[in-house]
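Only one structure is covered here, and it is reproduced in the block below.
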Amino acid sequence: MAKSDKKPGTRRDILNRLKSNGCSDATTLAEVLGVTPMAIRQHLYDLQSEGLVEARAEPRPVGRPAKLWYLTEAADRYFPDAHAELAVSLIDTIRTSLGENALQALVLERSRHQTVLYRNAMEDAPDLRRKLEALAEIRSREGYMAGVEETAEGLVFVENHCPICAAAKACTGLCAMELQVFADALGPGYDVSRTDHILAGARRCAYHVTERETVDG
């Protein structure tokens, strides 16, 4: 039976194989998965462009170094993760054992930390758009798939994913504080309003951000 260039699930099979067996070259992956080396390499390059795999050269006794592929941390999202369940459990435990006030104090402290982190990331940006782009970069690293859009009404900061959704449902203060965090991080010269909210049923979270007009005199 000839190997197929296109086999359903090959992308997922590659991720599973690299997770279970560690780094591997394309030829070995092709042999194990029953796909042509050319097809495997194309899948690997696609996965690399998405930041899910990387490659390193490993010297061999004879011939050229082997190109070994391995998973990045970003690929972890494709495998079972108990973080959400753990976060909800911790929230419930704090609420039950220490009370609602203790939980809100933790939320407030987290918000203060975020405010400082985001303010530092934006402080050298010369204008609002670049400030929001700097914020989008750090929020994307945190898993929010953030970006900046320009509309007729001005700039909109968007987050297409909520990596703490389960925790936010268990403790609405996490989301309630997010708007304030962005406003405080940007500073008094800007107005921030939430126009879309994932927890309210929207596809994404979106924030309309405008620069306040200065009044002379």
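First residue of the sequence shown: 128, per this note's numbering; consecutive thereafter.
Heads up, the beta-carbon is just placed ideally off N, CA and C, and yes, glycines get one too.
Residue i and residue j: beta carbons closer than 8 Å?
i: A252; j: A261; result: yes
i: V275; j: R256; result: yes
i: A327; j: V215; result: no
i: A312; j: M249; result: yes
i: D318; j: T337; result: yes
i: S151; j: L198; result: no
i: A184; j: L171; result: no
i: A211; j: A293; result: yes
i: A273; j: V285; result: yes
Looking at the unbroken alpha helix (DSSP H) that takes in residue i, where does it start and where does it end?
i: T163; result: Where T163 is concerned, there is no enclosing alpha helix (DSSP H), given that its DSSP letter is neither H nor E.
i: L244; result: E227 to M249
i: L326; result: Unbroken run through L326: none, as it is neither H nor E.
Pick from the options: whose alpha carbon is nearest that of residue i?
i: N287; options: R331, R168 and H170; result: R331
i: L142; options: G178, N247 and M165; result: G178
i: C289; options: I325, T199 and R139; result: I325
i: Q241; options: R222, D254, E269 and L225; result: E269
i: L174; options: A310, D140 and E158; result: D140
i: F309; options: I218, S238, P207 and K194; result: S238
i: R321; options: C302, D203 and G136; result: C302
i: P315; options: A166, M304 and T341; result: T341
Looking at the secondary structure, which residues open and close the beta strand (DSSP E) in which residue i lies?
i: G300; result: No beta strand (DSSP E) holds G300; the alpha helix (DSSP H) holding it covers G300 to L313.
i: E338; result: C332 to E338
i: S151; result: Taken as a continuous stretch (DSSP letters only), S151 belongs to no beta strand (DSSP E), as it is neither H nor E.
i: A273; result: A273 to T278
i: E181; result: V180 to E185
i: A193; result: A193 to L198
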